[in-house]
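Below is one structure, written out as C-alpha cells, with a few remarks after it.
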Amino acid sequence: MAVFRVEKDLNYTTMCNYHLRDQSLSLKAKGLLSMLLSLPDSWKYSVRGLAAISREGPDGIMAGLKELEQRGYLERHQTRQMNGRMGQIEYVIFEMPNKKPDPDSPCTENPDPVKPYTEEPDPIKSAEINKDKLNKDRLNKDLSNTDGREGKKQNSLRHFYGMYKNVLLSDEDFEKLKAEFPRDFERRIERLSEYMESSGKHYKSHLATIRSWARRDDRQEKKTGYSAEDYRYEEGESL
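Residue numbers for the sequence shown, in the UniProt record's numbering: 1 to 239.
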C-alpha cells in the first residue's frame, strides 16, 4: 500500500506512539487521546467543547474519557475552593499509562503529566443554575415583601361591584364611599358600572372617578340649578 506523507513544516503535533500501539484501547479512545494531546494549552476544556470539534456527542466523549481513565491515561482530581467548597474537576492526561508503566516503552520511563487542565463548567448548565438561583432569589424577595405588607393587604382587599361587576373597590374605598355619599353611594357605583360597560372605558381608580363625577355634579347643579345625570366624560378627561 502506498503512503503519501505531508511535509510537516507547520500545524502538526509531536506525540508518543504508545497509545496508538496499545491494543487494549479502542479506536475511539486512541483518537480522543490524540485530539487531547494536539490541543493547545490555552484551550478551554469541556465535554461539550470536545463534542463540538468532533462528531461524537457528549455521551460519547464521556465514554471515551472513562475508558482513558480506566487504562491509566487520565486522572481526575476534585479541587476545592478557598472556602472549602467543592471546586472544578481537574484532569491530568498522560501520553502513556500512569498506573501500569511498560518498561519496554520507547517513551520516557516515568510518565509525565502532559495535559493537566480544569474542565470548564458547561455554559448551558451554568445558565440553568443561574436562572434557577435568580428565580429563587426573586421568589424569596417577593415572599419577604408580601410578609411585610401582609397587614396592609388584609385591610386593602378589593372586590368588584356594580351590575356588571366591573367597579373595583377595596374595603377601605367602599367604606369611604358610604361615608361620603351615605344616601346614594350604590347609585353612583351602578352608574359608573353601566358607563364603563357601554363605553368600554377604564379608569385607574374607581373611587377617584366617582369622587370626580360628584364634584362635576356639584358644579353643574350650582350653575344650572339641577343635578346632572350625564356622567360621560370626553376622551382625555378620564382619570
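For each residue, glycine too, the CB sits at the ideal point set by N, CA and C. Predicted model only: the values in this text are computed from it and were never measured.
>> Going by C-alpha to C-alpha distance, which of Asp184, Lys30, Asn166, Glu175 sits closest to Lys204?
In response: Asn166
> Between the C-alpha atoms of Pro97 and Met15, what's the straight-line distance to the nearest angstrom?
Replying inline: 14 Å
> So Leu169 is in the beta strand (DSSP E); what residue range does that whole segment cover?
Replying inline: 167 to 170
> Thinking C-alpha only, which one of Gly200, Phe181, Gly72 is nearest Ser212?
Replying inline: Phe181
> Under a three-way DSSP split, which group does Thr108 fall into?
Replying inline: Here Thr108 scores only 46 on pLDDT, less than 50, and its place in the model should not be relied on; the value that follows carries that caveat. Coil, per DSSP.
> If you compare alpha carbons, which of Leu37, Leu25, Leu33 is closest to Thr13?
Replying inline: Leu37
> What are the residues that DSSP puts in a beta bridge with Met86?
Replying inline: Arg80
> Taking Cβ to Cβ, would you say Arg188 is nearer than 8 Å to Ile210?
Replying inline: yes
> Which same chain residues, not among the five before or five after Leu27, have their C-beta less than 6 Å away from its C-beta?
Replying inline: none
>> Classify Ile53: buried if its beta carbon has 16 or more other beta carbons within 10 angstroms, exposed otherwise.
In response: exposed
>> Is the separation between the beta-carbon of Ile93 and that of Tyr73 shorter than 8 Å?
In response: yes
> Span of the beta strand (DSSP E) holding Asn160?
Replying inline: It should be noted that the sequence gives Phe, not Asn, for residue 160. Per DSSP, Phe160 belongs to the beta strand (DSSP E) from 158 to 161.
>> Tell me which residues share the same chain as Lys223 and place their Cβ nearer than 7 Å to its Cβ, disregarding the 5 neighbours each side in the sequence.
In response: none
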